[in-house]
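This report refers to the structure that appears directly beneath it.
Numbering (this note's numbering), first residue to last: 50 to 384.
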């Protein structure tokens, strides 16, 4: 009995010692309460939101311009002016059939009287009687964009068969539209570059400002023996979390804005406001490429903020070492 009690008495102090030696959970090296990250997060969110909106707007303008150009390039129009000696319906059918004999045409459609009246309704009002006005009639011919027909030969054949017919291949409109689309895309790209540059400068200076207010943390960590790479990695982890939260919030708000606009447009079709907005801006949808662009902006902002934090910390430690080696430099670095 006595022999068995000795080991128990010796083991009790060992258990107590082991309990005392347990390592308590430690807090972060860079306390979030000591680093003014809320203001930086708001700045990053705002700039990310503006950059994503600009990117989506440029994507919408380019898509709309390409759609306009493609629609005009796929069709040509035959216009037949009314004449007393001309049977209009027969002339329309003859013009369509003649155009379809040329290679490169894929279809033809005669614009009937009701459709013609609807086209003129915004200018001449409702209840228009085409018999009272010398209104030309139209035939729309669909062509192959990759293999267009010979427009000069088609125009000559139409003029010879139907003197009142006029072929409009929309080449002038296509050239003007291409020039307008290129100009609009260049302006949008320039605005995007300016917004992105402002975002980069704002994020860089905001990050450096947040770090300059917490220089004492870097000094304490460096004086107790922490290596520069370790201190920089701790700060860059902290600012990476801040930048991801801010950029993610801004990008998510921009994506939700485009999604909400697209939903509103789909729910209010055939209204004057929506028709005008659609004709001017196209569909409020940026597609998967636009959302990939928003995701890329979020990643770029996060990497930019993290790199700025690391470089700023490394520079601060370098300045501290210079001051320790030459105290006379203190005023220089403080200024």
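Ideal Cβ positions, reconstructed from N, Cα and C, are used throughout, including at glycine.
Under the three-state reduction of DSSP output, residue 200 falls in the helix class. The distance from the Cβ of residue 93 to that of residue 154 is about 55 Å, inconsistent with a contact at the 8 Å cut-off.
The alpha-carbon of residue 302 is positioned some 58 Å away from that of residue 206. Taking a 10 Å sphere around the C-beta of residue 164, we find fewer than 16 other C-beta atoms and assign the residue as exposed. Looking at the DSSP output, residue 124 shares a beta bridge with 191.
In the three-state reduction of the DSSP assignment, residue 157 falls in the strand class, which pools E and B. With at least 16 other beta carbons inside 10 angstroms of its own, residue 147 counts as buried. Cβ contact annotation for residue 285 (same chain, cutoff 7 Å, sequence separation greater than five): 355, 358 and 359, in chain order. Counting along the chain, residue 217 sits inside no alpha helix (DSSP H); it lies in the beta strand (DSSP E) bounded by residues 214-217. Inclusion of residue 362 and residue 269 in the CB contact set at 7 Å is not warranted, their separation being larger than that value. The three-state reading of DSSP puts residue 129 in strand, counting E and B together.
The beta-bridge partner set that DSSP reports for residue 186 consists of 129.
One alpha carbon belongs to residue 138, the other to residue 144, and they sit about 10 Å apart. Note on geometry: alpha-carbon atoms of residue 170 and residue 350 lie some 52 Å from one another.
A direct Cα-to-Cα measurement between residue 222 and residue 121 gives close to 8 Å.
Taking 7 Å as the cut-off, the beta carbon of residue 103 is found closer than this to the beta carbon of residue 241. Within the model, the alpha-carbon separation for residue 341 versus residue 297 is close to 13 Å. Residue nearest to residue 195 within the set 124, 287, 338 and 91 is 124 (criterion: CA-CA distance).
Rounded to whole angstroms, the gap between the alpha carbons of residue 346 and residue 352 is 10 Å. The Cβ atoms of residue 127 and residue 188 lie closer than 7 Å to each other. Boundaries for residue 274: no alpha helix (DSSP H) harbours it, and the DSSP string shows neither H nor E there.
With respect to the 7 Å criterion, residue 343 and residue 300 are classified as neighbours on the basis of their beta carbons. Beyond the five residues adjoining it in sequence on each side, residue 213 comes within less than 8 Å, by CB distance, of 129, 130, 131, 132, 135 and 140 in the same chain, given in chain order.
For residue 267 and residue 97, the gap between their C-alpha atoms comes out near 29 Å.
Apart from the 5 residues on each side of it in sequence, residue 200 sits with its Cβ closer than 6 Å to the Cβ of 218 in its chain, given in chain order. Rounded to whole angstroms, residue 291 and residue 89 show a C-alpha spacing of 8 Å. Take the alpha-carbon of residue 273 and the one of residue 289: they are about 25 Å apart. Of the candidates 173, 369 and 108, 369 places its Cα closest to the Cα of residue 265. Boundaries of the alpha helix (DSSP H) around residue 166: 162-173. In the structure shown, residue 293 adopts helical secondary structure according to DSSP, grouped into three states. Counted as a single uninterrupted DSSP element, the alpha helix (DSSP H) harbouring residue 138 occupies residues 137-149. When DSSP states are grouped into helix, strand and coil, residue 116 belongs to the helix group. By the C-beta density criterion, residue 256 is buried, having at least 16 other C-beta atoms within 10 angstroms. Residues 160 of the same chain have their beta carbon placed closer than 8 Å to that of residue 168, with the five preceding and five following residues left out of the count. Take residue 293, set aside five residues on each side of it, and the residues of its chain with a beta-carbon closer than 8 Å to its own are 347 and 351, in chain order.
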